[in-house]
Amino acid sequence: MSADTSTSAPDPLDGISRILDNAAGAAIAQMTAGLSPATILQAFSDWGMHLAFSPGKQLQLAAKATRKNVRFLDYALRSASDADAPPAIEPLQQDHRFSDPVWKQPPFNFFVQAFLLNQQWWHAATTGVGGVTRHHEAMVEFAARQLLDTLAPTNFLATNPVLQRKIIETGGKCLVDGFQHLLEDMQHLVRGLPTAGAEKFRVGETVATAKGKVVYRNRLIELIQYEPTTDKVRPEPILIVPAWIMKYYILDLSPENSLVKWLTDQGFTVFMISWHNPATEDRDLDMDSYRLLGPMAALDAITTITGGAPVHAVGYCLGGTLLSIAAAAMARDGDNRLGSVTLLAAQTEFSEPGELGLFIDEGQLNLLEKMMWSRGYLDSGQMGGAFQILKSNDLVWSRVLETYLMGEREPMNDLMAWNTDGTRMPYAMHSQYLRRLFLQDELAEGKYIVDGKSIALTAIRQPLFVVGTERDHVAPWRSVHKIHLLTSAPITFVLTSGGHNAGIVSEPNHKGRRYRVLTREADGLSYDPDEWELRAPPKQGSWWIEWGEWLSHLSGEPVAPPPMGAEKDGFMPVADAPGHYVLER
37 MSADTSTSAP
47 DPLDGISRIL
57 DNAAGAAIAQ
67 MTAGLSPATI
77 LQAFSDWGMH
87 LAFSPGKQLQ
97 LAAKATRKNV
107 RFLDYALRSA
117 SDADAPPAIE
127 PLQQDHRFSD
137 PVWKQPPFNF
147 FVQAFLLNQQ
157 WWHAATTGVG
167 GVTRHHEAMV
177 EFAARQLLDT
187 LAPTNFLATN
197 PVLQRKIIET
207 GGKCLVDGFQ
217 HLLEDMQHLV
227 RGLPTAGAEK
237 FRVGETVATA
247 KGKVVYRNRL
257 IELIQYEPTT
267 DKVRPEPILI
277 VPAWIMKYYI
287 LDLSPENSLV
297 KWLTDQGFTV
307 FMISWHNPAT
317 EDRDLDMDSY
327 RLLGPMAALD
337 AITTITGGAP
347 VHAVGYCLGG
357 TLLSIAAAAM
367 ARDGDNRLGS
377 VTLLAAQTEF
387 SEPGELGLFI
397 DEGQLNLLEK
407 MMWSRGYLDS
417 GQMGGAFQIL
427 KSNDLVWSRV
437 LETYLMGERE
447 PMNDLMAWNT
457 DGTRMPYAMH
467 SQYLRRLFLQ
477 DELAEGKYIV
487 DGKSIALTAI
497 RQPLFVVGTE
507 RDHVAPWRSV
517 HKIHLLTSAP
527 ITFVLTSGGH
537 NAGIVSEPNH
547 KGRRYRVLTR
557 EADGLSYDPD
567 EWELRAPPKQ
577 GSWWIEWGEW
587 LSHLSGEPVA
597 PPPMGAEKDG
607 FMPVADAPGH
617 YVLER
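Residue numbers (the numbering used here): 37 to 621.
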């Protein structure tokens, strides 16, 4: 008897069930701000069950609680007779909530000490529990920290002496002003308008003002070629690949802090990708679409316009990750159009993705995919909310206190205005990015597939200039530093002060800037982050200067500037900078 080789007919309910599942998931995501209840429940169950069966940890926590109560009582007794008695605990270096001297006066000093001791105890309670996965431990510790931040004495009138003083000084007017600020922000939110004050920073008028032309456009990018500001330029052009999670002009803010202007003033020909803001019809744009329509299409245009000199490619954040993928694929295929690669706050290894990746697991990604399925993209507001949660002290509670209770609205600046100018991310791209890079770490493990074949960062041999920032909650510098383990190419690594954005926008003469730098030669020894930090000499000032010297060393003698576009080859200027895509809402 022959085997039955017939195939069963497709189940007509498959499509319906998929639609119902996606719709239900999207509804849940809307109610939970995109967080997966199952993922959170799993994390707390993992922590709670392991803690319940860890009598040693319980004994340790009980002892810690006793010691902290004794320390608090000791401080209370000492401060009763000595107003300058040393505190039982000091805030963390980055915690400035209690810096006003009035917090040292009773009874507010007791509120601060109790809060800080309690905060320290909960950190001990949510970490170091045997058997809990690293991912779940990070989630629980993060969630406990967020909950404690909501209960901080700074957030309540009865326990905040700074707010009480402000009310007395203004006769209560600060509360009236704060309520007006709240109404104004609510109106902006309902109308879909940027934060109040951002309207003063108009793209193409007060920000993104560097002169240039859009010399190429496809469905995903506009390529801007900037006008030279020197008589002669280096023959090697610079291509900047910014992240598409936000608008490109963070690198061309006001003239005094524009990286584009600074580069052209150093005698470089600069090209910049400006990404299209995806809509529902762009849902199927994937990572390979971004590679081909982004840096690869831009390189075709640039080499034609400039005559084929090697290109200094620069990638920022997600744009740097994409550039790494493109560079590895080019190296595999013998494409030698890149002269150097610069990565700014960009990850190539994701085993330590930072706080932004805390909640990304298979369950969370599944919910995100269902949420994106309904519209075909992830909205900028959903990403913005995630960033605010990560830095709740700075971005949520300090705003509530200063703006809505003390009536003091922080003056808007160019970087803050840019931060309100969000973009969307298409369904296919974001799903692939989170699954293949965040979850499966395919790029670092040599499993990432481009054009049907795997790529490896070990193939990259061009000099690398890599920048990490000290307070980066998106791409932690220790994770960025791991590129030393993924390629034997020469690497100049810089660790600069500041965070993911402000650390990169670090123009010369910016007060208080500092950085560390160390170069590893090709095939040279690598150090772990702690050892690197000890060996890297500290320097004052902007890392831009270091980078400019590095670029100049890899560039030829200045020549006459190239033409703006190449009309006979199909790269005719179609618009003035900043172009059309950057204005899309």
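In this text, a Cβ means the ideal position worked out from N, Cα and C, and glycines have one as well. Nothing here was measured: the structure is a model prediction, and the numbers come from that model.
query: P142 versus I204: straight-line alpha-carbon distance, rounded; result: 18 Å
query: Given F529 as reference, the closest of G355, D564 and V510 once Cα atoms are compared; result: D564
query: Expected contact under 8 Å - CB spacing of A79 and H159 to nearest Å; result: No, A79 and H159 are not in contact; Cβ-Cβ is about 16 Å, not under 8 Å.
query: Rounded C-alpha distance that separates H589 from S434; result: 45 Å
query: Cβ neighbour criterion (16 or more within 10 Å) applied to R460; result: buried
query: Reference L479; option with closest CA among D457, A362, G92 and N293; result: A362
query: S115 versus A121: straight-line alpha-carbon distance, rounded; result: 5 Å
query: For V350: DSSP bridge partner residues; result: I276 and T378
query: S533 and Y551 closer than 8 Å at C-beta; result: yes
query: C-beta atoms of A622 and Y352 nearer than 8 Å; result: This structure does not reach residue 622, given that the chain is present from 37 up to 621, and the question cannot be answered.
query: Nearest neighbour of P264, chosen from G248, L256, L275 and I257 [CA to CA]; result: G248
query: Classification of L193 by the beta-carbon crowding that lies within 10 angstroms, buried from 16 upward; result: exposed
query: Beta-carbon proximity of L211 to A337, cut-off 8 Å; result: no
query: Closest residue to G535 among W579, H509, L358 and R556 (Cα-Cα distance); result: H509
query: Contact check, V168 vs H86, beta carbons under 8 Å; result: yes
query: Where the beta strand (DSSP E) through S117 begins and ends; result: Run containing S117: none in the beta strand (DSSP E); it sits in the alpha helix (DSSP H), P91 to S117.
query: Neighbour-count burial assignment, H616, 16 or more Cβ in a 10 Å radius; result: exposed
query: contact_flag[the region 360 to 377, the region 437 to 451] where n(CB pairs < 8 Å) is 3 or more; result: no
query: Where Q424 falls, given that 16 or more other Cβ within 10 Å makes a residue buried; result: Because the pLDDT at Q424 is just 49, under 50, the model does not fix this residue reliably, and the point stays unresolved.
query: Which residues DSSP lists as bridging I257, in chain order; result: W311
query: Contact check, T342 vs T305, beta carbons under 8 Å; result: yes
query: Contact belief for A161 with F108 at Cβ below 8 Å, rounded distance in angstroms; result: Not confirmed; about 17 Å, so no contact.
query: Under 8 Å between C-beta atoms of V269 and P594; result: yes
query: Local Cβ density within 10 Å of I485, reported as buried at 16 or more and exposed below that; result: exposed
query: Touch test, the region 307 to 319 against the region 277 to 292, Cβ-Cβ under 8 Å, three pairs minimum; result: yes
query: Own chain residues within Cβ distance below 8 Å of L187, not counting five before or after; result: F151
query: CB contact flag (S416, G458, <8 Å); result: yes
query: Three-way DSSP call (helix, strand, coil) for Q223 in this model; result: helix
query: For Y262, three-class secondary structure by DSSP; result: strand
query: Rounded separation between T555 and V251 - CA only; result: 36 Å
query: Under the three-state DSSP convention, the category G207 falls into; result: coil
query: Selected residue, minimal CA-CA separation from G606, among L493, R411 and T339; result: T339
query: Beta carbon proximity, E446 to chain B, threshold 8 Å; result: Absent from the structure is chain B; it holds one protein chain and no more.
query: Residue from L451, L128 and S387 whose Cα sits closest to the Cα of R471; result: S387
query: From A382, F501, Q156 and Q94, residue whose alpha carbon lies closest to that of E585; result: F501
query: Proximal residues to N313 (C-beta, below 8 Å), its chain only, five neighbours per side dropped; result: T459, R460, Y617, E620 and R621
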